[in-house]
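Chains as they are written, first to last, in this note's numbering: chain A, 1 to 419; chain V, 420 to 880. Ideal placement from N, C-alpha and C gives every residue a C-beta, glycine not left out. See structure below.
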Amino acid sequence: MRAKCYNPAFPRDLRFRMPCRSQRVFFFLSLAILVALASATPAAAQEWDAPARELAEKIVARTQSRTALSLTVKNISSLPQSRVAEAQRALESELRRRGVSLAVPEQAMEQARVTLSENTAGYLWVAEIGHDDSWDVVMVQMPLLAPVERAPAALVLRRTPLWTQTDLMLDVVPTGDGGLLVLGRDSVSLYRVQEREWQLAGSAPLTQSHSWPRDLRGRLVVQADGSFRAYLPGVQCPGTTQPQLNLACRESDDPWPLSPEVNAFFSSRRNFFTGAVKLASSSEAGDLGPFYSAAMFAQGERGFWIVAFTSGAAKLINAKGQVVTAFSGWGSDVAGIASDCGSGWQVLATRAADGTQPDSLSAYEIVNRDAVEAGLPLEFAGPVTAMWSAADGRSATVIAHNLRTGSYEAFSVSAVCGR
Amino acid sequence: MRRSAYLLFAAASLLLALRPAVAGSRPRYGGTLRVELSASPASLDPAQQSAFPTSTQEQFAVLMFDRLVELSQQGAPRPGLAVTWQHDPDYRRWLFHLQSGVVLHNGSPLRPHLVVMSLAASNPSWRVRLQGDDVVIESSSPLPNLLAELACARNSIVVHTEVGAVVGTGPFRAGAFEPGKHLALTANEDYWGGRPFLDSIQITLGRAQRDQALDLQLGRTDLAEVAPDQVRRAQQDGQRVAVSAPAELIALAFSDKPSVKEPALREAISLSIDRSAIQSTLLQKQGEAAAGLLPQWVSGYSFLFRVTGDVERARQLGRDPGSAPSLTLAYDWSDPLARAIAERVSVNARDIGIAIQPYGENLQARGANADVRVVRLPLASSDPAAALDAISAATGRQGAMQTNSPEDLYAADRALRSDFRLVPIAYVPQAWALSARVRNWVTPREGGWRLIDVWLEEDKP
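See the structure below:
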């Protein structure tokens with residue numbers, strides 16, 4: 001039942017070095033034209049081959065004569081008009097291949113009225129074949145086409161696909177030895193690259209005595225020694241990936257790590273941190289009030305937190321624990337990342353929407369107590385359901401629920417500059 | 420980052436001083452959702468449906484009961500009370516493995532035999548039995564669309580207790596219920612799918628839509644129905660309106676009375692109806708004129724059916740005065756749209772020489788003396804075969820769809836209408852006006868609601 005896909009493994013440091021700017025411009029322009037040409041013609045048209053062949057066969061089977069058939073194609077589906085011509089060409093080609101001679105309606109013996117329709121299963125090609133009051137109807141079903149990704153113009157945020165699956169996904173982390181750990185609702189799964197493809201290397205069930213909260217959250221943290229720990233509401237599962245995946249869950253109200261130095265207690269029956277926080281290395285503790293997420297960042301010698309509270313407020317807090325300011329328009333998930341851009345720290349924040357709408361991720365720099373948006377927001381095909389800073393601090397793992405496909409898609413998001 | 424930065428938490432109490440600035444995106448727990456409905460069902464038991472199921476009964480069912488399988492927004496089956504399933508090659512025998520640890524609202528565990536009893540009661544043509552702790556469904560004819568069937572509200576798992584109450588395992592448990600007046604629901608803390616975000620739902624029943632609109636304006640309700648012909652006006656008034664895809668079939672259902680026994684008479688009435696005019700004027704261009712049993716977005720082929728009237732042909736069919744007596748046409752007296760459509764049908768029929776007298780009747784007293792009725796049939800599923808099966812069952816026919824091929828569905832759609840007992844007129848959307856504090860509202864394309872995921876914005880002082 002489970003369908004998964006992923007980005008293939010490829011060398012991480014794949015870079016082009018060009019001697020001067022003009023050559024770079026020429027190179028990328030040429031590349032763009034080549035890519036556009038490649039995607040505009042044969043590959044796109046191939047999608048119509050199978051349904052056009054099937055429909056042509058059905059039409060021919062119902063025509064009285066193969067001479068003088070008129071063909072009209074109408075589109076009432078969500079298919080862009082630009083693609084309809086491709087479909088029509090494919091169908092005409094398949095009909096001619098079967099010896100059908102196409103004619104204008106006035107000279108035709110029979111008509112084939114084809115409608116590109118749509119239903120819950122995808123596109124539906126409907127052909128009415130006949131003349132006057134005598135009509136046969138044949139149909140061919142085909143899946144919806146994947147939308148064409150538009151190339152981003154100039155993004156500050158870079159998104160690298162990590163993993164996609166149909167089941168709920170809470171967190172994804174690389175294991176450090178080439179593996180990938182995926183935390184789901186019911187299990188932790190380990191994937192490894194074998195023969196250039198990700199293969200499931202093991203899966204261990206999560207055990208808990210109570211039902212999970214509806215907006216389930218969870219986090220994976222890989223330790224320096226290669227072991228890892230899955231944090232879930234009221235449950236923690238330490239595990240190892242060598243020699244094989246092992247996991248032992250236990251009921252636990254121990255705090256989750258917010259950063260290497262700070263831990264925070266998570267509600268066992270809800271979707272937020274209770275507000276109780278403590279330093280990892282001492283017994284110092286405090287209470288912030290319930291919050292969904294917190295991002296740490298540094299500005300010169302000073303450290304700050306931005307906390308997204310359950311009340312809906314996102315607030316900037318300084319090292320003395322004072323609220324410096326509050327931000328509007330932010331969502332519930334924030335994460336801090338380091339980069340080579342601007343001040344060297346950006347705060348990523350979802351937007352204030354709910355789970356019914358496509359989300360976007362914006363990068364902010366804090367300038368004079370104000371949050372200044374750095375670059376364009378990164379759009380997702382659905383709500384962001386999880387966001388955690390990665391262990392290296394330079395990226396965040398973002399999981400979005402694609403509203404169109406229903407899949408959960410994990411990305412590594414980092415900030416790039418000067419491009 | 421320097422360690423001193425983390426001393427901030429010692430002064431965390433300062434944080435509580437500020438008021439909320441903006442809304443977040445993650446669901447917030449708590450609050451009571453207030454809902455007003457014009458319908459007034461007499462029972463919460465999905466098995467006690469009237470001849471034609473109503474949207475309200477299905478909406479209540481998904482709140483209080485679960486099904487073995489659910490359909491995702493994309494129409495893909497996903498586990499409900501059943502976690503896994505398998506079938507034999509010809510789809511006559513299915514085996515479902517149930518979730519463990521599911522608890523009924525009365526605190527007792529959901530035993531597999533209770534699932535068997537529930538499914539057997541709602542599907543007499545199936546053989547439902549236990550195999551160990553698994554549930555087996557068998558049928559003499561193939562059931563290729565069984566998963567979509569099981570996801571329909573009518574296949575909710577309902578347990579009847581010894582004291583005659585109905586209990587389920589759904590996300591909300593029923594509290595006080597005054598038929599025709601009020602229903603209170605509270606969150607099921609132990610729901611296997613995760614406790615809902617709302618603490619409770621208060622539903623006022625039998626409230627006229629005009630009063631609902633007023634209550635929404637005055638902040639007395641969070642959710643009010645909007646009739647299809649009022650959608651545009653509500654949107655122009657700046658209301659927050661959620662509209663489904665066309666999800667409810669408005670049709671004429673002919674009785675078995677001798678006065679309408681002639682198929683030619685029924686066909687004549689069907690041909691006399693100008694569905695396009697009804698859609699553009701009475702429905703204010705909402706929904707779609709329907710001559711088939713499924714909406715276009717589900718079938719993909721409904722555009723093939725002619726929705727304009729054919730008065731000449733209708734006159735030919737209905738010209739024998741003996742076959743055209745004065746007929747009675749009943750509609751739900753609390754449904755202004757049904758009344759308007761009934762009156763338009765009467766006018767169209769008069770044009771071909773058939774007299775039809777419309778009159779309002781109480782929904783609860785359906786099955787009364789009318790020759791023909793205006794009925795509303797909710798789309799039972801976004802799966803076309805399951806939806807056709809539901810309509811087939813509602814019209815008293817047996818036999819499940821054997822395939823999901825669009826050509827077979829097209830043929831079945833035509834066959835189901837061939838006797839003109841059920842005459843489609845229009846498919847209308849379900850529409851709701853929402854208060855500003857309602858979040859995470861999703862309108863399923865097939866109508867209904869998903870209140871399990873709804874949460875409420877914190878009230879601002």
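Any Cβ of chain A within less than 8 Å of the Cβ of V:G494?
Under the 8 Å criterion on CB atoms, V:G494 is classed as interfacial with respect to chain A.
State buried or exposed for A:C237, treating a residue as buried only when at least 16 other CB atoms are found within 10 Å of its CB.
It counts as buried.
How long is the line joining the alpha carbons of V:N823 and V:P803, rounded to whole angstroms?
About 8 Å.
Taking C-beta pairs closer than 8 Å, name the residues in chain A that V:N859 reaches, listed in chain order.
D354, G355 and T356, listed in chain order.
Return no unless some Cβ of chain A is closer than 8 Å to the Cβ of V:L702.
It does not; no Cβ of chain A falls within 8 Å.
Restricting to Cα atoms, I'd like to know which of A:A224, A:E195 and A:F272 is closest to A:P213.
Among A:A224, A:E195 and A:F272, the Cα nearest to that of A:P213 is on A:F272.
Does any residue of chain V have a CB that is nearer than 8 Å to the CB of A:T350?
Chain V has a Cβ within less than 8 Å of the Cβ of A:T350.
Proximity test, Cβ basis, 8 Å: A:S311 and chain V
Nearest CB-CB separation between A:S311 and chain V: below the 8 Å threshold.
For V:A567, which three-state DSSP category applies?
The answer is helix: DSSP assigns V:A567 an H, G or I state.
Can you find the residues in the same chain that come closer than 6 Å, C-beta to C-beta, to V:S800, ignoring five residues on each side of it along the sequence?
Only A567, C571 and A806 meet the Cβ criterion.
Opposite V:T451 in the DSSP bridges: which residues?
Answer is V:S619.
Tell whether a beta-carbon distance below 8 Å holds between A:V353 and A:Y364.
In the sequence under discussion, the amino acid at residue 353 of chain A is Ala, which differs from the Val named in the question. The criterion of a C-beta distance shorter than 8 Å is not satisfied by A:A353 and A:Y364.
In chain order, what residues of the segment 819-834 of chain V put their CB closer than 7 Å to some CB of chain A?
Taking 7 Å as the Cβ-Cβ cut-off against chain A, the residues of the segment 819-834 of chain V that qualify are P825, E826 and Y829.
By the 10 Å Cβ neighbour count, where 16 or more other Cβ atoms means buried, how is V:A834 classified, buried or exposed?
Under this definition V:A834 is an exposed residue.
What does V:F673 pair with, by DSSP beta-bridge criteria?
Beta bridge pairing from DSSP links V:F673 with V:V791.
Distance cutoff 8 Å, beta carbons only. Does A:M387 sit that close to anything in chain V?
Output row for A:M387: interface = no.
Compute the beta-carbon to beta-carbon distance between V:A593 and V:M483, rounded to the nearest angstrom, for a pair I have assumed lies under 8 Å.
Indeed they touch by this definition, with Cβ atoms about 6 Å apart.
For A:A285, the three-state DSSP class (helix, strand or coil)
Of the three classes helix, strand and coil, the one that applies to A:A285 here is strand, per DSSP.
For a quick check, are the C-beta atoms of V:M820 and V:N564 less than 8 Å apart?
Yes; because the gap between Cβ atoms is below 8 Å, this pair is in contact.
Per DSSP, which residues does V:Q505 bridge with? Please list them.
DSSP, once it has assigned bridges, lists V:L514 as partnering V:Q505.
Is there a C-beta anywhere in chain A that falls below 8 Å from the one on V:S801?
Yes, its Cβ sits closer than 8 Å to a Cβ of chain A.
Counted within 10 angstroms of its Cβ, other Cβ atoms place A:Q223 as buried (16 or more) or exposed
Answer is exposed; the Cβ neighbour count stays below 16.
Residues in the segment 205-227 of chain A having any Cβ partner in chain V nearer than 7 Å:
Here the close residues are S211, W212, P213, R214, D215 and L216.
For A:E110, which residues of its own chain have a beta-carbon under 8 Å away from its beta-carbon, when the five flanking residues on both sides are left out?
The residues T63, Q64, S65, A68, L69, S70, I129, G130 and H131, in chain order, have a CB closer than 8 Å to that of A:E110 in the same chain once the five nearest residues on each side in sequence are set aside.
How many angstroms separate the CA atom of A:G420 from the CA atom of A:Q194?
As shown, chain A starts at 1 and ends at 419. That puts residue 420 of chain A outside it, with no answer to give.
Cβ-based burial, A:A400 [other Cβ within 10 Å; buried from 16]
Buried, because 16 or more other Cβ atoms sit within 10 Å of the Cβ of A:A400.
Tell whether a beta-carbon distance below 8 Å holds between A:G393 and A:A338.
With a cutoff of 8 Å on beta-carbon distance, A:G393 and A:A338 are scored as near each other.
Sub-8 Å separation of A:T356 and A:D333 beta-carbons
Taking the C-beta atoms as reference points, A:D333 is found no nearer than 8 Å to A:T356.
So is V:H532 buried or exposed if we call it buried at 16+ other beta carbons inside 10 Å?
V:H532 comes out exposed.
Starting from V:V717, find everything on chain A with Cβ-Cβ shorter than 8 Å and list it in chain order.
In chain order: N119 and T120.
I want to see whether chain D comes within less than 8 Å of V:G613, judged by CB atoms only; does it?
The structure shown contains no chain D; the protein chains it does contain are A and V.
Among the residues of its own chain, which have a CB less than 6 Å from the CB of A:V73, if the five just before and after it don't count?
The residues are Q88 and V114.
Any chance the segment 839-852 of chain V sits against the segment 703-713 of chain V, with 3 or more Cβ pairs inside 8 Å?
With a cut-off of 8 Å, the segment 703-713 of chain V and the segment 839-852 of chain V count as touching, because enough Cβ pairs lie within range.
Could you have a look at V:E681 and say whether DSSP puts it in helix, strand or coil?
In this structure, DSSP gives V:E681 a state outside helix and strand, which the three-state scheme calls coil.
For a contact defined as C-beta to C-beta under 8 Å, what are the partners of V:F484 on chain A?
Correct list: empty, because the minimum Cβ distance to chain A is about 17 Å.
Straight-line Cα distance separating A:S93 from V:S695
The alpha-carbon atoms of V:S695 and A:S93 are separated by roughly 37 Å.
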